[in-house]
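**Student:** With positions in the sequence shown counted from 1, the corresponding number in this note's numbering is that position plus 884.
Glycine included, each C-beta is placed from N, C-alpha and C at the ideal position.
One structure coming up, written as structure tokens, with questions to follow.
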Amino acid sequence: MIHLPNYVIFNILIYILDNDYLTFKYKLSLGLISKSIFKFVSENINIRTSQLIQREFRVHLDNQYCILKSIKKLTINLYQQPLDIEYIEYLGQNIEELIAWYSSEYKYSSKPTLPLNYNTFPKLKSLKILMKKDKIDDLDLQLADYCPKVVNLDIVIQCKSKNLTAIALEYLKKLLNRINSSVQYLSLSIVDRSHTKIVIEKLGTLVDYLMDYKPNQLKSINFDCVDPIMYKKILSCQIESLLNLFCNQSILIDSALDIVELCNHLEILTLCNVKSQQVDRIFQLINLKPSIYSLTIINYIVDLDTREDYQVPPPTWYLRKLSILGLTGLETKLLKSNTLPDTIHSIRKLSMITKWELLEFLPSILLYLRSNTQLESLKLKIHITASELVLSEQLSLELSKHPSLLKLSLILNSRDYRGSTRICKYLHTSKTLQYIKLDLSNYFVIFDKPKIATPFYIYKNDISIHHYFRDFNIEMESIDTSWYNYLKKLLKFK
């Protein structure tokens, strides 16, 4: 028997625990090997998302036989539950991500006070605050002075009175001053009582504050703005540090692209409501920026005045992740441009969640799959119609033959059609696929749900989303460990 050193065993375990293609149940089962491995797994496998339900948590964490004890991400709703401060302080010692919901409509008699400070949350890195209150009181302002110095701050304040804006600004400034030495990812949003976002131009002194706030420290900044000049000025202060740029206004895209031209370290670019005449500039620009590895385009707008529709964008050179979402009409053009001769296939992850029916989309996606043999992850939305049966079988066969595809996600939309699909017919024959996700939320065929054959097995999260993992044991030959078999191999008997 081979005895491996502990550090080798633990490195193997870490690799397994971090593997996205193995089920959570399998990872938990590793704790049954031995006491030392139980302890190691318990310390290294995390509950990434937990809604605080204090009584159940106490029972769970106090049980010596329970392996899930390391909680890294926690959601606390200060409307739904009374707080046990002592217990919060106990849980908070290992929390790295916290989501806190504040509300004035507290249904318990005593008002909760979340101890949002370093002593309670010493390891906190990410904080999201959702504040829906009639007023921000002195206690809130005081707590802002003791907030842990987080790296990521995402705050949404819903103002339920007209006089709240000025106090909300004071609260924001106190919070930003407190974390100014640590914050790298910042998202700010203020909503009025009609649930309308207040653009930053109306927030007075906050604009000037953000223009000078920690130059070249923020890796991402997101805020509500409709003034291209103001938008550009705020982002210009972060040119040297900006890694992630999100632009959700069509009117701001040209300003955002001006910023992209100046950034040397930008990695992720997300653009919403792109106009047809902006497409060429976008793809020419990202081909000049090797650091940009991810591009997401949400909605593609053809100019209604000129009816101009850009035909074929240039092929991508450096992108490793491309996502096209919404009613775009751009996806077939992108697929076509990236299947031209001598195309450099850099894209490893491709997502296309769009309106196209398979009849229109199939030729482009088939050609692309045959051309890009380096693709590792694919996500598609498929609209099933009466003419789709044979086409889905063709796509299934092509997906199964792809030489590098590891992860596949399919969203099936049957709309008014109640027939079956053959999209899963050949997927199980793939030699590379390790994980398949079927989203059947909008698949209305009751008796003929698509299924994937062995060696894949289903691990269900809910009734409409099915997760399939490959069972490698099914493909492995059984090993005869008997002495007879050992001697037969040793003496080469047949």
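Kindly identify the DSSP beta-bridge partner or partners of residue 1042.
**Tutor:** 1016 and 1075
**Student:** Quick one: which unbroken beta strand (DSSP E) runs of 3-plus residues sit fully inside the region 1270–1339? Chain order, please.
**Tutor:** Those beta strand (DSSP E) runs which fall completely within the region 1270–1339 and span 3+ residues are 1291–1297 and 1319–1326.
**Student:** Locate the beta strand (DSSP E) running through residue 1130, then write down its first and last residues.
**Tutor:** First-last of the beta strand (DSSP E) with residue 1130: 1128–1131.
**Student:** Within 10 Å of its beta-carbon, does residue 993 have 16 or more other beta-carbons around it, so buried, or fewer, so exposed?
**Tutor:** With a pLDDT of 44 at residue 993, under the threshold of 50, the modelled position of that residue is not reliable, and no figure is offered here.
**Student:** In whole angstroms, give me the CA-to-CA distance for residue 1127 and residue 1150.
**Tutor:** 4 Å
**Student:** Quick check on the DSSP output: the beta strand (DSSP E) that includes residue 1353 runs from which residue to which?
**Tutor:** 1349–1354
**Student:** Checking 8 Å against the spacing of the C-beta atoms, do residue 1310 and residue 1281 come in under that value?
**Tutor:** Yes; because the gap between Cβ atoms is below 8 Å, this pair is in contact.
**Student:** To the nearest angstrom, report how far apart residue 1134 and residue 1140 are at their CA atoms.
**Tutor:** Between residue 1134 and residue 1140, the C-alpha separation is close to 10 Å.
**Student:** Can you tell me where the alpha helix (DSSP H) holding residue 960 begins and where it ends?
**Tutor:** Residue 960 -> not in any alpha helix (DSSP H); beta strand (DSSP E) instead, spanning 957–961.
**Student:** Assign residue 1216 to one of two classes, buried (16 or more other C-beta atoms within 10 Å of its C-beta) or exposed (fewer than that).
**Tutor:** buried
**Student:** Taking just the CA atoms, how far does residue 1214 sit from residue 871?
**Tutor:** Given that the chain is displayed from residue 885 to residue 1378, the structure contains no residue 871 and the question cannot be resolved.
**Student:** Ends of the beta strand (DSSP E) at residue 1030?
**Tutor:** DSSP places residue 1030 in no beta strand (DSSP E); its state is neither H nor E.
**Student:** Is the beta carbon of residue 1247 closer than 8 Å to that of residue 1218?
**Tutor:** no
**Student:** Applying the criterion that 16 or more other CB atoms from any shown protein chain within 10 Å of the CB defines a buried residue, is residue 1354 buried or exposed?
**Tutor:** With at least 16 other beta carbons inside 10 angstroms of its own, residue 1354 counts as buried.
**Student:** Residue 960 to residue 1014, Cα distance in whole Å?
**Tutor:** 11 Å
**Student:** Name, in chain order, the residues that DSSP records as bridge partners for residue 1106.
**Tutor:** 1071
**Student:** Relative to the C-alpha of residue 1070, which candidate in 1098, 1102, 1095 and 1059 has its C-alpha closest?
**Tutor:** 1102
**Student:** So, for residue 1040: in the same chain, excluding its five sequence neighbours on each side, which residues have a beta-carbon less than 6 Å away from its beta-carbon?
**Tutor:** 1014 and 1073
**Student:** Identify, in the order they occur along the chain, each residue of the same chain with its Cβ nearer than 7 Å to the Cβ of residue 1199, setting aside the five sequence neighbours on each side.
**Tutor:** So the qualifying residues of the chain are 1221, 1222, 1224 and 1227.
**Student:** Can you look up residue 907 in the DSSP assignment and give me helix, strand or coil?
**Tutor:** coil
**Student:** For residue 1032, count the other beta carbons within 10 Å of its own beta carbon; 16 or more makes it buried, fewer makes it exposed. Which is it?
**Tutor:** buried
**Student:** Check whether the Cβ atoms of residue 914 and residue 897 sit closer than 8 Å, and answer yes or no.
**Tutor:** yes
**Student:** Alpha carbons only, please: which of 1136, 1161 and 1131 is nearest the one belonging to residue 1179?
**Tutor:** 1131
**Student:** Is residue 1208 helix, strand or coil when you go by DSSP?
**Tutor:** strand
**Student:** Assuming residue 1115 contacts residue 1060 under a Cβ cut-off of 8 Å, what Cβ separation, rounded to an integer in Å, is found between them?
**Tutor:** The pair is not a contact, with the Cβ atoms about 18 Å apart (cut-off 8 Å).
**Student:** Once DSSP output is grouped into helix, strand and coil, what is the label at residue 1158?
**Tutor:** strand
**Student:** Between the beta-carbon of residue 998 and the beta-carbon of residue 975, is there less than 8 Å?
**Tutor:** Annotated as distal: residue 998 and residue 975, with beta-carbon spacing of 8 Å or more.
**Student:** Do the CB positions of residue 1108 and residue 1062 come within less than 8 Å of each other?
**Tutor:** no
**Student:** Can you tell which of 1106, 1100 and 1110 has its C-alpha closest to the C-alpha of residue 1120?
**Tutor:** 1100
**Student:** Taking the beta carbon of residue 1286 as the centre, do at least 16 other beta carbons fall within 10 Å, making it buried, or is it exposed?
**Tutor:** buried
**Student:** Please state the DSSP three-state secondary structure of residue 1239.
**Tutor:** coil
**Student:** Could you please give the first and the last residue of the uninterrupted alpha helix (DSSP H) stretch that includes residue 1183?
**Tutor:** Where residue 1183 is concerned, there is no enclosing alpha helix (DSSP H), although the beta strand (DSSP E) it sits in stretches over 1178–1185.
**Student:** Contact defined as beta carbons within less than 8 Å: I believe residue 1255 pairs with residue 1229. What is the distance between those atoms, to the nearest angstrom?
**Tutor:** Taking C-beta atoms under 8 Å as the contact rule, residue 1255 and residue 1229 qualify, at a distance of about 7 Å.
**Student:** According to DSSP, is residue 856 part of a helix, a strand, or is it coil?
**Tutor:** Here the chain covers residues 885 to 1378 and nothing more, so residue 856 does not appear.
**Student:** With burial defined as no fewer than 16 other Cβ atoms inside 10 Å of the residue's Cβ, what is the status of residue 1052: buried or exposed?
**Tutor:** buried
**Student:** Counting contacts by CB-CB distance shorter than 8 Å, is residue 1248 in contact with chain B?
**Tutor:** Going by chain labels, chain B is absent from the structure shown, which holds only one protein chain.
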